[in-house]
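Visitor: Got a structure for you, questions after.
Numbering (the working numbering), first residue to last: 97 to 254.
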């Protein structure tokens, strides 16, 4: 299996979600199925079918999380020496050379990505264009909006 890169925070979030699914949501769904069974005829029992569908979704998510955690390559950049090189988990500040707008992103795993919190997936066009580059480098990155030139103004391992 391919290793799934993940930050320490991302792995912890998945573990919490897994605990909630296994120890809170799963028992509630089982209760809902049992209650719906008591109502009688299962062929026309909407509550039963809805609970079974929810159970399938819950079990699929549990398997998905367990698979990701079992193949996780947890990377803690806080324990690495900052060489100014952009790596997975680094927090990077880039300056758009056309608009003079500065943005800070943290490069994280796919499950952790959240653009509203400036967490970008390591597989995103911007992250792919930045990984391996160094502080003060100028890079041209092809994004959905076209080719954009950036200058790397800060690289932090936090």
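Beta carbons: idealized from backbone N, C-alpha and C, even for Gly.
The structure displayed is predicted, hence computed values, not measured ones.
#1: Could you spell out where the beta strand (DSSP E) holding residue 76 opens and where it closes?
#2: Of all the alpha helix (DSSP H) runs that stay within the bounds of the segment 178-230, which reach a length of 4 or more residues?
#3: What residue from 236, 130, 145 and 219 has the CA that sits closest to residue 95's CA?
#4: Nearest CA to the CA of residue 198: which residue from 157, 239 and 247?
#5: In this structure, does DSSP put residue 135 in helix, strand or coil?
#6: Going by other Cβ atoms of all chains shown within 10 Å of its Cβ, with 16 needed for buried, is residue 139 buried or exposed?
#7: Excluding the five sequence neighbours on either side, which residues of its own chain have a C-beta within less than 7 Å of the C-beta of residue 125, listed in chain order?
#8: For residue 114, report the span of its alpha helix (DSSP H) as first-last.
#9: Which term fits residue 236, buried or exposed, when burial requires 16 or more other beta carbons within 10 angstroms of its beta carbon?
#10: Output the boundary residues of the alpha helix (DSSP H) element that contains residue 245.
#11: Answer with buried or exposed for residue 177, where buried requires no fewer than 16 other C-beta atoms within 10 angstroms of its C-beta.
#12: I need the straight-line Cα distance from residue 159 to residue 193, nearest angstrom please.
#13: Roughly how many angstroms separate the alpha carbons of residue 206 and residue 145, rounded to a whole number?
#14: How many angstroms separate the CA atom of residue 141 from the CA atom of residue 128?
Guide: According to the structure data:
#1: Since the first residue shown for the chain is 97 and the last is 254, residue 76 is missing from the structure and cannot be characterised.
#2: Taken in chain order, the whole alpha helix (DSSP H) runs of length 4 or more contained in the segment 178-230 are 221-226.
#3: Past the boundaries of the shown model lies residue 95; the chain is included only from 97 to 254, so the question cannot be answered.
#4: 247
#5: coil
#6: exposed
#7: These residues qualify, in order along the chain: 147, 150, 151 and 154.
#8: 104-116
#9: Looking at its Cβ environment, which holds fewer than 16 other Cβ atoms inside 10 Å, residue 236 is exposed.
#10: First-last for residue 245: 242-252, but that is the beta strand (DSSP E), not the alpha helix (DSSP H).
#11: exposed
#12: 44 Å
#13: 32 Å
#14: 12 Å
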